[in-house]
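K.L.:
Under my numbering, the first residue of the sequence shown is numbered 22, with each subsequent residue one higher.
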Amino acid sequence: MEIYEHTLTKNNGEHISLNDYRGKVLLIVNTASKCGFTPQYDGLESLYKKYKDKGLEVLGFPCDQFGHQEPGSNDDIAQFCTLNFGVTFPLFEKCDVNGPDANPLFEELKTKAPGLLGTKRIKWNFTKFLVSAEGKVLKRYAPTVKPAAIEKDIDALLA
């Protein structure tokens, strides 16, 4: 399946095709509101504000599979992100990223950009995937990699 063939649901219930993002560099992240990495929302928003007019889209996918760190509803999550981090990048409905009910987009991302030692499983919140403007899944970043550390890779893709 091509990355642009996925249809997803935003946290407001709106259905959207990833084809709408064709020609843009994508940074796709599984997020959580009660995680030690939650402050990375600031860095993700900074990247989005700096590069959105140059062709970057940051896509956030809340997930409650890791330590029950995203217990809220889609509305709760949106309010939390806006009030605490000023998030303006698109947030999607809460989803699983591992297991039998995993979002098909994450199944594709994990297959095309496996983790350490070739593992597909996402280990924790704030795992990030970088996708080229041509739809090629280029790289997976561990949760410990801060958004600012990805900037050079984004710069290179947008150059």
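From the three backbone atoms N, C-alpha and C, an ideal C-beta is built for every residue, glycine too.
Quick caveat, the model's predicted, so the values are computed rather than measured.
Buried or exposed for arginine 161, going by 16 or more other Cβ atoms inside 10 Å?
P.N.:
So arginine 161 ends up on the buried side.
K.L.:
Secondary structure at asparagine 32, three-state DSSP: helix, strand or coil?
P.N.:
Here asparagine 32 sits in coil by DSSP.
K.L.:
State the beta-bridge partners of leucine 112 as determined by DSSP.
P.N.:
According to DSSP, which records beta bridges pairwise, leucine 112 is partnered with Gly81.
K.L.:
Quick check: asparagine 146 and asparagine 95, are their CB atoms within less than 8 Å of each other?
P.N.:
Against a cut-off of 8 Å, the Cβ pair of asparagine 95 and asparagine 146 comes out as no contact.
K.L.:
Compare the beta carbon distance of asparagine 124 and cysteine 116 with 8 Å and say whether it is the shorter of the two.
P.N.:
Yes, Cβ-Cβ distance for asparagine 124 and cysteine 116 is below 8 Å.
K.L.:
Would you please state the rounded distance, in angstroms, between the beta carbons of alanine 184 and phenylalanine 150? I believe it to be under 8 Å.
P.N.:
Since the first and last residues shown for the chain are 22 and 180, residue 184 lies out of range.
K.L.:
Run the CB neighbour count on proline 121, radius 10 Å, all protein chains shown included, and call it buried at 16 or more, exposed below.
P.N.:
By the neighbour-count rule (16 or more Cβ atoms within 10 Å), proline 121 is not buried but exposed.
K.L.:
Could you give the residue range of the beta strand (DSSP E) that holds asparagine 51?
P.N.:
Per DSSP, asparagine 51 belongs to the beta strand (DSSP E) from 46–52.
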